[in-house]
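What follows is a single structure, written as structure tokens, with notes after it.
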Amino acid sequence: MPNGKVEAGRRRGRILECIRYQATESRRSFDRSGAAGRQYLDSFPDDWLECGTIYSRGSTLKAAIRKAYGSDKWTKYEILKASKKLAPFLPATHKLSRRRVWRYLEKDGMAIMKPCTGNSGYGIIRVARLERSRYAIQTENKTMIRDGKRPTWYRIRNMTRDRDYIVQQWIPLARLDKRPFDIRIVVRRTGRNASWKIKGMFAKVAEEGYVVTNVSNRIIPVEEAIECARMKSTSTKKLIKKMQKVCLTASKHLGRYYPTHVIGFDIGLDSDARIWIIEPNLKPSMKPFERLRKKN
Numbered sequence: 001m002p003n004g005k006v007e008a009g010r011r012r013g014r015i016l017e018c019i020r021y022q023a024t025e026s027r028r029s030f031d032r033s034g035a036a037g038r039q040y041l042d043s044f045p046d047d048w049l050e051c052g053t054i055y056s057r058g059s060t061l062k063a064a065i066r067k068a069y070g071s072d073k074w075t076k077y078e079i080l081k082a083s084k085k086l087a088p089f090l091p092a093t094h095k096l097s098r099r100r101v102w103r104y105l106e107k108d109g110m111a112i113m114k115p116c117t118g119n120s121g122y123g124i125i126r127v128a129r130l131e132r133s134r135y136a137i138q139t140e141n142k143t144m145i146r147d148g149k150r151p152t153w154y155r156i157r158n159m160t161r162d163r164d165y166i167v168q169q170w171i172p173l174a175r176l177d178k179r180p181f182d183i184r185i186v187v188r189r190t191g192r193n194a195s196w197k198i199k200g201m202f203a204k205v206a207e208e209g210y211v212v213t214n215v216s217n218r219i220i221p222v223e224e225a226i227e228c229a230r231m232k233s234t235s236t237k238k239l240i241k242k243m244q245k246v247c248l249t250a251s252k253h254l255g256r257y258y259p260t261h262v263i264g265f266d267i268g269l270d271s272d273a274r275i276w277i278i279e280p281n282l283k284p285s286m287k288p289f290e291r292l293r294k295k296n
């Protein structure tokens with residue numbers, strides 16, 4: 001008999017298949033009712049539907065997905081990745097494993113690890129490959145050096161053993177005064193069936209020596225950040241419009257699985273002005289907007 005964790009993992013896997021299947025049937029909706037809704041749900045292969053009573057209606061299928069998955073980083077990544085429109089804007093992401101860490105380091109020379117749950121940048125680890133098989137491990141503003149793969153991985157495992165982690169492609173963010181910045185775009189809807197709209201946005205500039213922008217006392221207007229960063233020749237207005245469009249598309253997609261009415265997207269821009277969805281936050285803080293209003 002499989003243990004509880006294994007069985008729960010299998011169940012989440014089958015629910016994920018439901019998400020992927022739904023993505024390929026984008027013209028249909030889980031919210032259908034009556035005979036049409038039952039016929040649609042009957043179209044799922046039997047082994048994907050574990051608890052028939054739970055999945056008797058589309059809305060409860062979504063509730064089951066939320067209950068089985070929650071709102072951790074890996075779940076949100078998998079949901080967004082199922083969209084062909086959004087996949088190109090996502091950095092490569094995997095569950096943390098030794099093999100994946102070395103692959104990212106061999107390819108990009110750097111990798112970033114994040115706790116699946118939590119916010120404010122706590123627990124984030126960056127590993128950089130140095131010369132002569134040496135590696136730099138950075139958390140917040142502290143860096144340690146390890147010689148060789150084995151000591152490096154041993155340290156990583158000690159730092160991540162109490163929580164589930166993902167490992168991601170490192171995005172070389174655009175910089176202001178030699179400090180990386182990203183952009184928070186908040187979108188909102190007034191009801192479940194209402195359209196998503198842009199509520200506001202601002203740029204976060206990382207503190208000196210820190211890995212992430214979450215530790216930031218500097219909040220500035222997005223237009224100012226883009227123009228001062230001197231990225232590859234691009235129109236600031238067009239770039240902002242494109243970022244907003246990506247966030248609205250992502251909100252519509254995530255809104256199918258989560259009942260939230262507000263989502264905050266951390267958007268990264270690299271030196272070529274390419275847009276990256278770093279992470280969606282289902283409970284974004286509004287305090288930075290107050291700070292920006294007072295500043296201006």
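Numbered by full-length UniProt numbering, the letters in the sequence shown go through residues 1 to 296 in order. Beta carbons: idealized from backbone N, C-alpha and C, even for Gly.
Please report the residue range of the alpha helix (DSSP H) in which residue i lies.
i, result
"TYR154", "149 to 160"
"MET243", "236 to 254"
"ALA225", "222 to 229"
"THR75", "73 to 81"
At which residues does the beta strand (DSSP E) containing residue i begin and terminate?
i, result
"THR93", "93 to 95"
"GLU279", "275 to 281"
"ASP108", "Per DSSP, ASP108 belongs to no beta strand (DSSP E); it is in the alpha helix (DSSP H), 98 to 108."
"ILE183", "179 to 188"
"ARG129", "125 to 129"
"MET201", "197 to 205"
"ALA136", "134 to 139"
"TYR165", "165 to 169"
"ASP266", "262 to 269"
Looking at residue i: is its Cβ nearer than 8 angstroms to the Cβ of residue j?
i, j, result
"ILE166", "LYS114", "yes"
"residue 298", "ALA136", "This structure gives no information on residue 298, because the portion of the chain shown stretches from 1 to 296."
"LYS283", "TRP196", "no"
"ASP177", "ILE267", "no"
"LYS76", "LEU292", "no"
"ARG163", "CYS116", "yes"
"LYS95", "ALA87", "no"
Using only the alpha-carbon positions, how far apart do residue i and residue j sit?
i, j, result
"LYS199", "LYS241", "14 angstroms"
"SER133", "ILE112", "18 angstroms"
"ASP42", "THR93", "In this prediction, ASP42 scores a pLDDT of 43, lower than 50, which makes its location untrustworthy; the coordinate-derived value is nonetheless stated afterwards. Their backbone Cα atoms lie some 32 angstroms apart in a straight line."
"TYR258", "ARG192", "10 angstroms"
"THR234", "PRO151", "44 angstroms"
"LYS245", "GLU290", "24 angstroms"
"GLU207", "ALA229", "16 angstroms"
"LYS237", "ARG274", "14 angstroms"
"ILE277", "PHE89", "6 angstroms"
"ILE287", "ARG99", "A small fix is needed here, since residue 287 is Lys in this sequence, not Ile. Using only the alpha carbons, I get a separation of about 40 angstroms."
"GLN168", "MET144", "20 angstroms"
"GLU140", "ARG256", "34 angstroms"
"TRP170", "VAL101", "11 angstroms"
"GLU227", "ILE185", "17 angstroms"
"CYS247", "ARG103", "29 angstroms"
"SER71", "PHE202", "24 angstroms"
"ASP147", "THR160", "19 angstroms"
"LEU130", "TYR154", "17 angstroms"
"PRO91", "ALA194", "29 angstroms"
"PHE265", "LYS149", "34 angstroms"
"ILE220", "GLN138", "26 angstroms"
"ARG225", "SER285", "The sequence shown places Ala at residue 225, not Arg. Approximately 20 angstroms, taken between the alpha carbons."
"ARG28", "SER83", "At ARG28 the pLDDT is 41, less than 50, meaning the model places this residue with poor confidence and gives no usable figure here."
"ARG126", "ARG218", "22 angstroms"
"THR260", "THR213", "24 angstroms"
Relative to the C-alpha of residue i, which residue among the options is closest?
i, options, result
"ILE79", "THR249, ARG274 and LYS287", "THR249"
"VAL222", "TYR122, ARG175 and ARG188", "ARG175"
"ASP272", "VAL262, LEU239 and ARG293", "LEU239"
"ASP270", "MET243, PRO280, GLY255 and VAL262", "MET243"
"LYS142", "ASP162, ILE124, ILE275 and VAL205", "ILE124"
"GLY121", "LYS204, ALA225, CYS247 and LEU86", "LYS204"
"residue 379", "LYS232, LYS73 and VAL187", "Lying before the first or after the last residue shown, residue 379 is absent from the chain, which here runs from 1 to 296."
"ARG179", "LYS84, CYS247, TYR210 and ARG161", "TYR210"
"THR189", "LEU105, ILE226 and VAL262", "As written in the sequence, residue 189 is Arg, which differs from the Thr given in the question. Looking at the Cα atoms, VAL262 is the closest of the given residues."
"LYS232", "LEU173, THR260, GLY264 and PHE265", "LEU173"
"GLY187", "ARG218, ARG126, PRO280 and LEU105", "The residue asked about is misnamed: residue 187 is Val in this sequence, not Gly. Here the closest residue by C-alpha is PRO280."
Would you please verify whether the beta carbon of residue i is less than 8 angstroms from any beta carbon of chain B?
i, result
"ASP108", "The chain inventory of the structure shown lacks chain B, comprising one protein chain alone."
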